[in-house]
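**Q**
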Amino acid sequence: MRPSTSPLQLLLGKRDFYAGGLMILLGLGVALKGSTYRAGTLMHMGPGFLPTALGILLVLLGIGIAAASLSDTEEDQRILPEHPEWWAWFCILMSPVLFIVFGRYFGMAPATFSCVFIAALGDRTASWLSTFVLSTVVTIFGVGLFSYFLQVPLPVFTWRGSL
Amino acid sequence: MITTALTDLWHGFGVALEPHNLWWCFVGVLVGNMVGVLPGMGPLATISILLPLTFGMKPVGAILMLAGVMYGAQYGGAICSILLNLPCHPPHAVTCLDGFPMTKQGRGGVALGLTVIASFVGASWGITEMIFLSPLLVRAALQFGPTEVCSLMLLGLLAGSTLARGSPVKGVAMTVLGLFLGSVGTDLETGSERYTFGLTELDDGIELIALALGLFGLAEFMNSVNQVAPINTAYTNVRLRDMRPSKAEFKQAFLPMWRGTIVGSLCSLIPGTGPTIASFVAYATEKKISRHPEKFGTGLIEGVVCPEASTHSSVQGDFIPTMSLGIPGDAVMALLLGALMIQGIVPGPQLISQHPDIFWGLVASFWIGNILLVLLNVPLIGIWVKMLAIPYRYLYPSAMFFVCIGVYAANNDFFQVGEVAVIGLFGYILLRLGFHPAPILLGFVLGPRFEENFRRAMLISRGDITVFVQRPISAVFIALCVILIGSQIYFRLRGSKVDVLKIPEHPPATPSAPTLTPQQVPATPAE
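Dropping the structure here:
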């Protein structure tokens with residue numbers, strides 16, 4: 493990373509600064525929410541005791557991680573990889589979402605097809621045809637295995653079913 | 112003592128040889144062997160995918176199969192390292208150093224053959240250790256009250272998070288995060304809801320399978336997508352008769368094999384040091400005592416056999432604390448414990464006496480599974496290598512389907528599928544920020560039991576926190592925790608992190624699966 497003079501600038505260029513920051517935020521959230529539950533005494537602990545303590549611990553660890561980043565000499569401080577795969581990431585994350593939507597309203601076969609289809613589109617080399625073939629094959633095998641053989645209670649085809 | 116262990120083992124063989132148990136053991140090692148070869152599919156993801164399928168099974172068959180996946184994958188991982196120079200499975204990364212040069216010299220078959228033998232030797236030793244050590248440990252552990260259990264868990268969690276890959280502080284942060292995630296849902300003691308944000312689906316807590324598949328499935332796919340280059344299969348034509356080592360080669364491998372085994376079993380006794388560390392330590396030791404250390408890295412048999420034997424002996428040894436104390440050493444073990452808990456079996460020292468069929472059946476199935484693996488590995492290597500030709504672009508979408516349907520089938524609820532997506536995204540962010548998510552699982556599985564025991568200990572001691580250092584056994588565990596943290600700080604301050612474990616020449620980074628290689632040589636306070 494480029495040499496910078498002010499410690500703040502130095503921090504902002506470090507990956508662990510953000511790592512620590514995330515832990516601090518998480519810890520704060522956990523501790524603040526935890527303090528709304530009854531903490532009780534050490535002898536009779538309430539439900540809020542341990543989570544609050546964990547949240548505070550997480551904040552302290554986060555501070556430690558962020559502070560240690562000052563002496564971090566590693567060259568590569570990028571958070572994103574060299575070639576961000578926004579499209580592929582989006583496709584992979586959409587895969588379970590489509591599975592939920594199609595599974596709920598149309599049944600297992602459409603859910604399987606759509607979930608494999610969108611995930612496969614994330615690959616750079618994927619063509620429409622190869623994606624289509626792959627999704628069809630997985631759907632046939634998957635539905636056969638899970639619906640007929642393992643009897644997962646999800647209808648193969650349905651229309652806005654009563655799920 | 113020894114005779115009771117042997118009669119119990121005999122009983123275990125009876126259990127493991129029942130046709131359906133034998134079948135599940137076979138399925139487990141076969142699947143494990145296969146995914147062990149495939150880059151980008153680890154045993155963690157596979158066990159999580161198979162986990163929902165085991166709900167309908169009997170507990171013995173379920174655990175036999177899932178454990179089989181685990182050690183089966185260890186056999187497969189070596190194939191990748193030796194023939195393809197792909198350190199895609201961390202415990203086998205060191206094997207690349209000498210395994211691939213051997214392959215280039217046309218001796219890949221011999222390397223594989225010897226690896227199989229070394230693996231079997233290592234595993235056998237680990238299993239024997241488990242047979243005789245576990246009852247002893249259990250006898251001691253049955254004396255433990257909640258205070259001791261609590262500090263033992265603390266030690267296990269600390270060791271699991273600080274000795275694993277990456278920065279120790281980050282590891283501890285992940286463990287704490289896991290402990291917190293374990294507390295989501297209805298509080299067992301008071302019945303009040305915690306962190307559910309009004310979602311009734313979260314009342315039972317976060318689903319273990321959703322967590323595991325999010326962190327080790329989805330996040331891992333996001334990490335590897337479009338990063339996996341086609342694999343160079345130029346050296347993968349291994350014929351069966353190439354695999355038989357000559358007498359001289361066998362003699363050369365014999366002693367390193369045993370040294371590796373001993374190192375592995377010692378490593379497995381330290382909680383938290385998994386097979387990866389064992390293999391690195393074994394390689395370093397072997398190099399140190401060798402008469403010609405400069406030849407390491409050029410295709411030396413010792414450099415292949417020693418780390419492989421130690422990996423296997425450590426994998427089997429890791430089951431000891433998991434099964435006899437209920438304290439898992441790493442994420443895979445945590446997942447196996449989770450599988451037992453889903454089946455309604457409470458892990459802990461009482462497991463062996465209450466469910467002898469599970470414990471001894473598992474031990475016996477290790478023998479059977481390892482023999483099966485030796486038999487399978489030899490003829491199947493050719494097929495596994497062909498499977499490597501399956502491009503990642505077919506692999507991960509299919510795996511996505513298994514993830515979705517597996518999580519759905521666990522509870523027949525779409526909500527958990529959504530959990531996977533959220534956890535997967537979060538897990539990927541953690542990965543990019545340099546965290547290793549494995550300790551999360553450790554904390555998550557132990558969390559509820561830790562809280563329960565902590566509360567009980569506090570109740571008994573009337574809120575006196577010093578009870579942890581007042582009771583002698585507990586004090587020992589706490590002292591070990593302090594030593595562990597102290598040594599980490601000491602090594603950090605001295606700046607010399609891991610001299611012993613510094614591998615002079617890391618395997619030439621192949622373009623494929625760069626992120627699956629151990630980013631950092633595991634840091635241990637080894638002298």
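Residue numbers (this note's numbering), protein chains in the order written: chain A, 493 to 655; chain B, 112 to 638.
Here a beta-carbon is modelled for each residue, glycine too, at the ideal position from N, C-alpha and C.
Quick caveat, the model's predicted, so the values are computed rather than measured.
Taking C-beta pairs closer than 7 Å, name the residues in chain A that D298 of chain B reaches, listed in chain order.
**A** The answer, in chain order, is P539.
**Q** Can you pull the chain B residues whose beta carbon is under 7 Å from the beta carbon of W581 of chain A, in chain order?
**A** The answer, in chain order, is M333.
**Q** Pick out whichever of B:H547, B:T214, B:E530 and B:S585 has its Cα sitting closest to the Cα of L319 of chain B.
**A** Considering only alpha carbons, the answer is B:E530.
**Q** Since T617 of chain A meets chain B, which of its residues come closer than 7 Å, beta carbon to beta carbon?
**A** Those are R504, listed as they occur along chain B.
**Q** G526 of chain A by DSSP, collapsed to three states: which one?
**A** It is helical.
**Q** Using a Cβ-Cβ distance cut-off of 7 Å, determine whether M569 of chain B contacts chain A.
**A** True, the Cβ-Cβ gap to chain A drops below 7 Å.
**Q** Do you know whose CA, among B:G271, B:A475, B:G437 and B:L263, lies nearest A568 of chain B's CA?
**A** It is B:L263.
**Q** I242 of chain B lies in the alpha helix (DSSP H); which residues open and close that run?
**A** That run of the alpha helix (DSSP H) goes G219 to A252.
**Q** Evaluate I592 of chain A with the Cβ neighbour count: other Cβ atoms within 10 Å of its Cβ, from every protein chain shown; 16 or more gives buried, anything less gives exposed.
**A** With 16 or more Cβ atoms within 10 Å of its Cβ, I592 of chain A is classed as buried.
**Q** Measure the C-alpha to C-alpha separation of C207 of chain B and L274 of chain B and round it to an integer number of angstroms.
**A** Spanning the two alpha carbons is a distance of roughly 23 Å.
**Q** Could you give the distance in angstroms between the alpha-carbon of Y503 of chain B and the alpha-carbon of I594 of chain B?
**A** Cα to Cα, the separation comes out at about 44 Å.
**Q** Going by Cα to Cα distance, which pick from B:H131, B:V142 and B:V171 is closest to M452 of chain B?
**A** The residue with the shortest Cα to Cα distance from M452 of chain B is B:V171.
**Q** Which class does T311 of chain B belong to by DSSP, given the choice of helix, strand or coil?
**A** Looking at T311 of chain B - three-state DSSP - the assignment turns out to be helix.
**Q** Would you say L120 of chain B and S476 of chain B are within 7 Å of each other, going by their C-beta atoms?
**A** Contact: no.
**Q** Which residues in the same chain as I610 of chain A place their Cβ atom closer than 8 Å to its Cβ, once the five residues preceding and following it in sequence are excluded?
**A** Closer than 8 Å at Cβ, skipping near neighbours: C583, M586, S587 and L590.
**Q** Does the distance from the C-beta atom of G293 of chain B to that of F555 of chain B stay below 7 Å?
**A** Against a cut-off of 7 Å, the Cβ pair of F555 of chain B and G293 of chain B comes out as a contact.
**Q** I'd like to check one pair, V148 of chain B with G179 of chain B: are the Cβ atoms closer than 7 Å?
**A** No, the pair does not count as a contact, with Cβ atoms beyond the cut-off.
**Q** Can you tell me whether I501 of chain B is buried or exposed? The criterion is at least 16 other CB atoms within 10 Å of its CB, across all chains shown.
**A** Per the 10 Å Cβ criterion, exposed.
**Q** State yes or no: is the C-beta of G237 of chain B within less than 7 Å of the C-beta of Q427 of chain B?
**A** In contact: G237 of chain B and Q427 of chain B (Cβ atoms closer than 7 Å).
**Q** Is G440 of chain B helix, strand or coil by DSSP?
**A** Reduced to three states, the DSSP call for G440 of chain B is coil.
**Q** CA-CA distance, F641 of chain A and A442 of chain B?
**A** Near 30 Å, if we compare the C-alpha coordinates of A442 of chain B and F641 of chain A.
**Q** Quick check on E577 of chain A: does DSSP put it in helix, strand or coil?
**A** Here E577 of chain A sits in coil by DSSP.
**Q** Given a threshold of 16 other Cβ atoms within 10 Å of its Cβ, counted over all protein chains shown, does Y519 of chain B qualify as buried or as exposed?
**A** Y519 of chain B should be labelled buried.
**Q** According to a CB-to-CB cut-off of less than 7 Å, which residues of the stretch 584-598 of chain A neighbour chain B?
**A** Listed by position along the chain: I584, L585, S587, P588, V589, F591, I592, G595 and R596.
**Q** Can you list the alpha helix (DSSP H) stretches of 4 or more residues lying completely in the stretch 581-627 of chain A, in chain order?
**A** Fully enclosed alpha helix (DSSP H) runs of 4 or longer: 600-613.
**Q** Going by DSSP, name the residue or residues bridged to G81 of chain B.
**A** Residue 81 of chain B cannot be examined here, being either before or after the span of chain B that is shown, 112 to 638.
**Q** Give a yes or no on contact between the stretch 479-486 of chain B and the stretch 603-619 of chain A, applying the rule of three or more CB pairs nearer than 8 Å.
**A** No: the two stretches stay apart, fewer than three of their Cβ pairs being nearer than 8 Å.
**Q** Please identify the residue among A:D508, A:W579 and A:I555 whose C-alpha is closest to the C-alpha of V336 of chain B.
**A** If we check each option's Cα against that of V336 of chain B, A:W579 comes out closest.
**Q** Quick check on H574 of chain A - is its C-beta less than 7 Å from some C-beta in chain B?
**A** In the sequence on display, residue 574 of chain A carries Glu and not His. It does not; no Cβ of chain B falls within 7 Å.
**Q** Let me confirm a value: G517 of chain B is counted as buried when at least 16 other C-beta atoms fall within 10 Å, else exposed. Which label applies?
**A** Looking at its Cβ environment, which holds 16 or more other Cβ atoms inside 10 Å, G517 of chain B is buried.
**Q** Of all Cβ atoms in chain B, is any one closer than 7 Å to the Cβ of A511 of chain A?
**A** Judged by the 7 Å Cβ criterion, A511 of chain A is in contact with chain B.
**Q** Which residue from B:P559, B:P583, B:C592 and B:R218 puts its Cα closest to that of E259 of chain B?
**A** Considering only alpha carbons, the answer is B:P583.
**Q** Please state whether DSSP places M537 of chain A in a helix, a strand or coil.
**A** M537 of chain A: strand per DSSP, three-state reduction.
**Q** Looking only at its own chain, which residues have a Cβ that is under 6 Å from the Cβ of S425 of chain B, when we skip the five neighbours before and after it?
**A** Only G375, C378, S379, P386 and A389 meet the Cβ criterion.
**Q** What is the DSSP secondary structure of G532 of chain A, reduced to helix, strand or coil?
**A** The answer is strand: DSSP assigns G532 of chain A an E or B state.
**Q** Between A127 of chain B and chain A, is there a C-beta pair that is closer than 7 Å?
**A** False, the Cβ-Cβ gap to chain A never drops below 7 Å.
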